[in-house]
Structures are given as structure tokens and as C-alpha cells.
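Student:
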DNA sequence: TTTTTATCCCAGTAAAATGGCCGGATTAAT
DNA sequence: ATTAATCCGGCCATTTTACTGGGATAAAAA
């Protein structure tokens with residue numbers, strides 16, 4: 346089992362989509378800027394999210410991504426599963442052939458742990474996260490930064506002037 | 346957060362020690378054979394386990410390792426922590442500086458998850474595992490294999506004859 | 001006292017995963 | 001036609017994983 350930046354990025358990006366639901370498609374460039382995730386890495390993640398029917402894409406100008414289901418119907422576990430190949434803690438994918446074909450000493454422990462983690466993460470939907478106070482606060486901070494400091498525009502005009 | 350073979354091996358090896366408690370020091374060679382883990386890899390893991398005061402070593406012939414505390418006083422979480430640098434699911438070690446010094450959108454989610462996992466794993470002691478039926482069954486199988494098939498002895502005598 | 005059995009310790013390493021860059025193709029709105 | 005976006009493939013540096021090997025040290029047994 347691994348829960349690294351990959352899964353964390355995926356959930357963060359999906360939550361960003363959930364926060365901006367109803368505003369039409371959201372581009373990866375927007376998510377990249379707000380969440381500080383590289384654009385090309387986002388592309389890879391969203392390829393997997395799309396294959397797993399979690400998002401739906403619109404190409405061309407004004408395009409981007411939208412949640413395929415409403416945000417109450419998407420839970421954190423399936424987002425991580427989509428990019429990570431599952432939150433399984435066993436080494437044998439629960440097959441029980443951990444030690445040269447037979448079951449290892451700690452097999453059941455890892456099965457229990459997997460169930461525990463999956464139970465926890467699948468009980469939390471994107472809608473649940475959206476309604477959290479801390480998430481709302483961080484989201485507002487990110488919105489303001491986007492409006493008040495369009496630095497990249499200034500920088501690019503300066504750059505073209507020099 | 347990562348739970349890979351490393352942490353699984355460490356817990357399996359510690360459980361092996363717990364199962365053979367009271368029989369004097371257990372050598373890593375024995376554990377290696379019973380649990381199918383490479384000897385030199387076990388050495389590395391036990392160096393960390395020793396540094397974290399989980400085992401105590403006896404050098405020389407007849408030597409090996411023993412649990413430093415009784416098996417009811419050692420839980421799974423600290424074993425994994427000892428070899429793995431913690432079961433923390435956040436990317437910022439809970440410091441809250443996930444996104445260029447500030448808190449990221451999903452910070453609290455990963456904190457909650459970490460707490461969930463740690464709570465679960467720290468509630469399970471080696472003694473709890475020893476008393477499980479499935480563990481007892483696997484342990485018996487491993488004992489029998491050791492007694493009935495000393496293949497390595499036969500093979501080495503054949504090898505020296507050829 | 002020599003040999004053997006074990007822990008110690010350090011260095012290296014192949015393979016995989018991570019996190020990302022780049023170039024170009026395709027689609028569609030302006 | 002241009003532009004803005006998704007798509008798609010390959011490439012790449014770095015880190016981690018899981019393991020090998022060599023040798024030093026300690027202590028029991030010969």
C-alpha cells in the first residue's frame with residue numbers, strides 16, 4: 346500500500362473540481378495554479394480519472410473537466426484507487442499466496458487494515474469535504490490569490506517589453 | 346505514507362519472535378528460513394528495531410534476538426514506525442505547510458486518515474496476534490516444515506559429493 | 001587457542017515508482 | 001486561421017525498495 350503525493354494530488358484536484366461545480370468545465374491550468382500541481386502531472390492523473398469514469402472532459406477553448414457524477418456520489422477511496430491501483434495493504438492482493446504460494450503469518454492483519462482504511466475513505470464523499478469549514482477557508486484563500494495577484498500576466502508583459 | 350514489504354516483513358519477524366518467546370534468543374537465520382525473508386535484509390531491519398528499543402540482541406553462538414518488552418506491551422504501529430519513519434499520511438508531517446508554506450486543501454483529511462490508521466494499528470499488540478487462530482495455524486505449519494524437511498542439509502551433502 | 005556461530009556495519013545495486021518535462025496531435029470555439 | 005484546451009507518447013532525474021556481499025566483532029564451543 347502506498348499513499349503518496351500521487352493519491353493526495355488526485356483527491357485535491359477532484360475536490361477543486363467539486364468546489365467549482367456549476368461553473369462549466371474547469372481547465373487543468375486553473376487547477377495547476379490554484380493547487381500548485383504541475384500541469385503535465387495533472388494530465389497523467391486525469392487520464393486515469395477519466396478511464397475510471399470519475400470525470401468527463403470537454404476539449405477545445407473553454408473546455409476542461411467536470412465531475413461525471415454529483416459530488417455526493419464520489420468518495421475519496423475510489424479517487425485514490427483510480428490513480429493508485431487500490432489502497433490494499435496486503436502484498437498478495439488478498440489472494441493469500443504471500444509466502445511461496447501459502448498464506449503468511451500476518452496476512453489477516455493486512456486484510457483487516459485494508460478493510461479499515463477502505464471503510465474510512467469510502468465513507469467520505471467530495472460533498473462532505475466541500476462542506477467542511479477548513480476546506481472552505483483554504484478555498485477562499487485560493488480564490489483571492491487568483492483575483493488579486495495575476496502575476497503571470499504582469500510578468501509576461503514585462504518580459505515581452507524587455 | 347507507505348506500507349510495503351518492509352513494514353510487513355518487520356511485523357512478521359517480530360511476530361515470529363513473539364511466537365518463540367521463552368526459548369532463548371532466536372537467530373535471524375531461523376526467522377529467515379521460517380518466514381522466507383532474506384537474511385541480510387533482516388539484519389538491516391533488526392538494526393532499526395534495536396535502535397528503537399524493540400528487541401535486544403545476544404551475539405555469538407546460540408545468540409540471536411529477543412523482544413525487549415513482553416509481547417503484550419509491543420504494538421504493530423511502533424514496529425512499522427521503527428522501520429518506516431511513521432505511518433503518516435500527510436505530505437508535510439502534519440506541519441501544515443503542504444502548499445508553499447500554507448495549508449493545502451486536503452490537509453485535514455490526511456490528518457484524520459493518519460489518526461485512523463495509527464489508532465487501529467496501535468490497538469493491536471503482538472500478544473493479540475499470537476492468540477489468533479489463523480496465526481496459530483500458520484505457525485504450526487511453519488514448525489512442521491522446519492522439522493520434517495531439512496532439505497538444505499541433504500542438498501549440501503549431495504553438492505559436496507558431486 | 002582456534003574454530004564456529006552469530007550479530008554488526010558499510011557499501012553497492014538492479015528494478016521500480018515518483019514526479020515531472022517536452023513535443024506534438026487532436027478537437028473545437030473565437 | 002488562430003488559439004485554447006485535452007490527449008498521447010516517450011523521456012528523465014531522483015528516490016525508494018529489496019537485496020547482495022564483504023568484512024569486522026563478540027562470544028561460545030572445540
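Residue numbers (our numbering), protein chains in the order written: chain A, 346 to 507; chain B, 346 to 507.
For glycine and all other residues, C-beta sits at the position ideal for the given N, C-alpha and C.
Keep in mind that this is a model prediction, so the values were computed, not measured.
(1) Tell me, please, whether the CB atom of residue 502 of chain A is closer than 9 Å to any CB atom in chain B?
(2) Residues of chain A with CB under 9 Å from residue 414 of chain B, in chain order?
(3) Around the C-beta of residue 433 of chain A, are 16 or more other C-beta atoms found within 10 angstroms, so that it is buried, or is it exposed?
(4) Taking any Cβ of chain B, which residues in the segment 414 to 446 of chain A have a Cβ under 9 Å from it, in chain order?
(5) If you reduce the DSSP assignment to three classes, tell me which class residue 381 of chain B lands in.
(6) With DSSP as the reference, label residue 397 of chain B as helix, strand or coil.
(7) Pick out the complete beta strand (DSSP E) segments inside the segment 409 to 449 of chain B, 3 residues or longer, and give them in chain order.
(8) Using only the alpha-carbon positions, how far apart do residue 409 of chain B and residue 473 of chain A sit?
(9) Nearest-angstrom Cα distance between residue 357 of chain B and residue 419 of chain A?
(10) Rounded to whole angstroms, what is the Cα-Cα separation between residue 405 of chain A and residue 468 of chain A?
(11) So residue 351 of chain A is in the alpha helix (DSSP H); what residue range does that whole segment cover?
(12) Among A/463, A/439, A/402, A/350, which residue has its Cα nearest to the Cα of residue 452 of chain A?
(13) Tell me, please, whether the CB atom of residue 375 of chain A is closer than 9 Å to any CB atom in chain B?
(14) Is residue 422 of chain B buried or exposed, if buried means 16 or more other CB atoms sit within 10 Å of its CB?
Tutor: Result, derived from the coordinates:
(1) For residue 502 of chain A, the predicted structure reports a pLDDT of 35, less than 50, and the residue's modelled location is therefore unreliable. A value from the coordinates is still provided. No, no contact with chain B.
(2) Residues of chain A passing the Cβ test: none, with the nearest at roughly 19 Å.
(3) buried
(4) 421, 434, 435, 436, 443, 444, 445
(5) DSSP places residue 381 of chain B in coil when its eight states are reduced to three.
(6) coil
(7) Correct list: 409 to 412.
(8) 51 Å
(9) Answer to the nearest angstrom: the Cα atoms are 36 Å apart.
(10) 35 Å
(11) 350 to 364
(12) A/439
(13) No, residue 375 of chain A lies away from the interface with chain B (no Cβ there is under 9 Å from its Cβ).
(14) buried
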